[in-house]
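A.B. asks: The structure that follows is given in the form of structure tokens.
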Amino acid sequence: MDQNQFFGARQSIRLDELASRIGSVLSNPDAGERMVESVSPIYRAGPYDICYILSRNSIDELKTCHAAAVICSPDLKKHVPSSLPALVSDAPQLAFARASAQLYPAAMRPQPVLNRQSGISPQAVVDDTAVIEKSVEIAPFAVVGARAVIGAGSRILCGAVVGPDVKIGRNATLGAHVSLSNALIGNNVIIHTGARIGQDGFGYAPGPAGMVKLPQVGRVIIQDDVEIGANTTIDRGAMDDTVIGEGTKIDNLVQIGHNVQIGRHCGIVSQVGIAGSTKIGDGVMIGGQAGLNGHIEIGSGAQIAAKSGVLTSVPAGARIGGNPARPVRDYLRDVAEIARRAAKSGDKQGE
2 MDQNQFFGAR QSIRLDELAS RIGSVLSNPD AGERMVESVS PIYRAGPYDI CYILSRNSID
62 ELKTCHAAAV ICSPDLKKHV PSSLPALVSD APQLAFARAS AQLYPAAMRP QPVLNRQSGI
122 SPQAVVDDTA VIEKSVEIAP FAVVGARAVI GAGSRILCGA VVGPDVKIGR NATLGAHVSL
182 SNALIGNNVI IHTGARIGQD GFGYAPGPAG MVKLPQVGRV IIQDDVEIGA NTTIDRGAMD
242 DTVIGEGTKI DNLVQIGHNV QIGRHCGIVS QVGIAGSTKI GDGVMIGGQA GLNGHIEIGS
302 GAQIAAKSGV LTSVPAGARI GGNPARPVRD YLRDVAEIAR RAAKSGDKQG E
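Each step along the sequence shown adds one to the number in the numbering used here, with nothing skipped, and position 153 is 154.
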């Protein structure tokens, strides 16, 4: 299926040039003139496609693969048929990601709806006191508030709202209907459609007549090279700031509470919920639907399995899972024991 209709014209690249750009070694230099236009899984790759293999599980598919080339590790190179050029890389998945970016640059971040969009649309509303650097694009029906600052090369797509005093760095992209308030955004940040950043945190004090709202007067600080998925929400701080560290990648439908501090180069998968004032170190990976208690610390390099319930602090480098979360080995042992007992019970009932 040709998917290029959604991502602009094909970006044809010679195979030898692509190999150079992604830092791989072409096994057959005579194939260097082949043109590559697209990416594909192995089973349906055609003569203008590039694909990749990560494990021996897909070796049989290589026998009928008609791709322009396959990206693989040195260990798997011997399983690639001689008729199929290989791009050999010590990090094949990373090499494939780089190749995909070369072939589909428009898929790297949200794109304007209108091809003719450039500069500031006459249908956008931009306050007279806002500071807009050169080459900024502001699409129809976007709103930029008083004293906001938007750096050069940034794009604000249809219906996005940039609140008063918000500062956005250079080469950032705000998808359609993103809302930003009380926030400072770094360079090269990507915020996908519908994300809500800088709204109230959940703060109330019990009173004789019910819950009394606590004003949330902190900010959200998003550092350089962060990517935030669609419909994710990041609350502003209550008094301190909510901080998302450099290079961190956040999936769709994630909730981050007030005063949360997330370190550099973390990965947070969809439907994760992080309660207020939790501190997360660098390089932490959190699986989908995990829930983190408030006022705890997650050490750098920790890995949290999907659907985990994290109630207490986690040391650096730990691997935990389950609800309540515990070391992964203990969690898997418990799961195996439950399955064993269930099977034993079933056998007794069948007697």
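All C-beta atoms in this analysis are idealised placements derived from N, C-alpha and C, irrespective of residue type, glycine included.
Under 6 Å Cβ to Cβ from residue 245, same chain only, skipping five residues before and after it: list those, please.
C.D. replies: 223, 227, 263
A.B. asks: Can you tell me whether residue 13 is buried or exposed? The criterion is at least 16 other CB atoms within 10 Å of its CB, across all chains shown.
C.D. replies: exposed
A.B. asks: Mind reading off the beta-carbon distance from residue 72 to residue 86? Whole number of angstroms is fine, and I expect it under 8 Å.
C.D. replies: Going by Cβ atoms, the distance from residue 72 to residue 86 rounds to 10 Å, so no, they are not a contact pair.
A.B. asks: Please report the distance separating the alpha-carbon of residue 96 from that of residue 211.
C.D. replies: 57 Å
A.B. asks: Only counting the same chain, and skipping five residues up and downstream in sequence, which positions put a Cβ closer than 8 Å to that of residue 412?
C.D. replies: Examination of residue 412 is not possible in this model, given that the chain is present from 2 through 352 alone.
A.B. asks: Identify which residue in 115, 119, 149 has its Cα closest to the Cα of residue 128.
C.D. replies: Residue nearest to residue 128 within the set 115, 119, 149 is 149 (criterion: CA-CA distance).
A.B. asks: Please name the residue or residues paired with residue 200 in a DSSP beta bridge.
C.D. replies: Note: residue 200 sits in a beta bridge opposite 236.
A.B. asks: Is residue 70 helix, strand or coil by DSSP?
C.D. replies: strand
A.B. asks: Give me, in chain order, the residues of the same chain whose beta-carbon lies closer than 6 Å to that of residue 248; leave out the 5 immediate sequence neighbours on both sides.
C.D. replies: 226, 265, 266
A.B. asks: Tell me whether the beta-carbon of residue 259 lies closer than 8 Å to the beta-carbon of residue 238.
C.D. replies: yes
A.B. asks: Tell me whether residue 138 sits in a helix, a strand or coil according to DSSP, three-state version.
C.D. replies: strand
A.B. asks: Tell me the DSSP secondary structure of residue 54 in three-state form.
C.D. replies: coil
A.B. asks: Keeping to the same chain, check which residues put their C-beta closer than 6 Å to that of residue 184; ignore five residues upstream and five downstream.
C.D. replies: 167, 198, 199, 221
A.B. asks: Given a threshold of 16 other Cβ atoms within 10 Å of its Cβ, counted over all protein chains shown, does residue 111 qualify as buried or as exposed?
C.D. replies: buried
A.B. asks: What are the start and end residues of the beta strand (DSSP E) that includes residue 207?
C.D. replies: It spans 205-208 - the beta strand (DSSP E) in which residue 207 sits, taken as one unbroken run.
A.B. asks: Report the CB separation of residue 194 from residue 231 in whole angstroms; it is logged as a contact under 8 Å.
C.D. replies: 5 Å
A.B. asks: Write down every uninterrupted run of the beta strand (DSSP E) in the segment 224-274 whose length is 3 residues or greater and which is fully enclosed by it, in chain order.
C.D. replies: 234-236, 243-245
A.B. asks: From the DSSP output, which residues share a beta bridge with residue 304?
C.D. replies: Under DSSP, residue 304 takes part in a beta bridge, and its partners are 286, 320.
A.B. asks: Nearest-angstrom Cα distance between residue 54 and residue 134?
C.D. replies: The C-alpha of residue 54 lies about 44 Å from the C-alpha of residue 134.
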